[in-house]
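For my numbering, add 1336 to where a residue sits in the sequence shown, where the first one is 1.
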Amino acid sequence: MTAPKDACGVEFENYVQDTYLKLVRLYVLAEKLQDVPTKNAIMQKIWSVHVTGDKDGCCYIPLSETVCEAYEGTTEDSLMRLFLMDLWLETEPEEFEKNVATFPREFLDKFSVLVFTRLNTTAAPFIQHDGVERYMEQEKKTA
1337 MTAPKDACGV EFENYVQDTY LKLVRLYVLA EKLQDVPTKN AIMQKIWSVH
1387 VTGDKDGCCY IPLSETVCEA YEGTTEDSLM RLFLMDLWLE TEPEEFEKNV
1437 ATFPREFLDK FSVLVFTRLN TTAAPFIQHD GVERYMEQEK KTA
C-alpha cells in the first residue's frame, strides 16, 4: 500500500496507524526471536513513519490497539514500551484523555510514574530531544 499524498487527511492517518500496528507486530516477533538488529530496524522505521506526518504538521502516534499489541507481546523492560509512552507524552492532554480508557492498565501505571519522573528531572529529555537511538538495543558482539 502506498502512502496517500495528503499527510493531514483521514486516509493518511489510517495508513500510518495500520503501518504502526504491522511494525509493532513485527517487533514482537523479533523480540520473541531475540533479533536485536531487526528490532532496531523496526524502531527506526516507526520513527520515520512518526516524523513523516510531523513534517506536514499532522503528527500521528500509535493508537491504543497498537499499544495493547506491544504490551501483550513484550516484557516489562522493553524499549518499545518506553518509546510508546514517550510518544504519548508528546501529545495533547485532550487526546490522551480521549483514549485513556482503552490503554492497558500496565501502560497507565508506568505512564503516570514516567510523567512525574519527567516533571521532576531534566536528566530524561523527551523524545524529540533524543531521537530514536534511545530506544535501540546494543547488539551483542559474537566471537
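We put the beta carbon where it would ideally sit given N, CA and C, even for glycine.
Please read these numbers as outputs of a predicted model, since none were measured by experiment.
| Asked | Found |
| --- | --- |
| Take every Cβ of the region 1401 to 1413, pair it with every Cβ of the region 1381 to 1389, and state whether three or more of those distances are shorter than 8 Å. | no |
| Can you tell which of Trp1424, Phe1419, Glu1430, Ile1378 has the C-alpha that lies nearest to the C-alpha of Ala1366? | Ile1378 |
| Does the Cβ-Cβ distance between Glu1469 and Val1372 come in under 8 Å? | no |
| Please determine, among Met1416, Arg1454, Leu1357, Lys1477, the residue with the shortest C-alpha to C-alpha distance to Leu1425. | Arg1454 |
| With respect to the alpha helix (DSSP H) encompassing Cys1404, which residues constitute its N-terminal and C-terminal limits? | 1400 to 1409 |
| For the region 1437 to 1454 against the region 1342 to 1355, are there 3 or more C-beta pairs whose distance is under 8 Å? | no |
| Quick one, are the C-beta atoms of Leu1415 and Pro1398 less than 8 Å apart? | no |
| What is the C-beta distance between His1386 and Cys1394, in whole angstroms, given that I count them as a contact (C-beta under 8 Å)? | 11 Å between Cβ atoms; not a contact. |
| Pick from Thr1355, Ser1400, Leu1362, Lys1358: whose alpha carbon is nearest that of Val1436? | Ser1400 |
| Is the distance from the Cβ of Thr1427 to the Cβ of Arg1417 below 8 Å? | no |
| To the nearest angstrom, how far is the alpha carbon of Gln1370 from that of Phe1447? | 25 Å |
| With 16 as the cutoff for other CB atoms within 10 Å, does Thr1355 come out buried or exposed? | buried |
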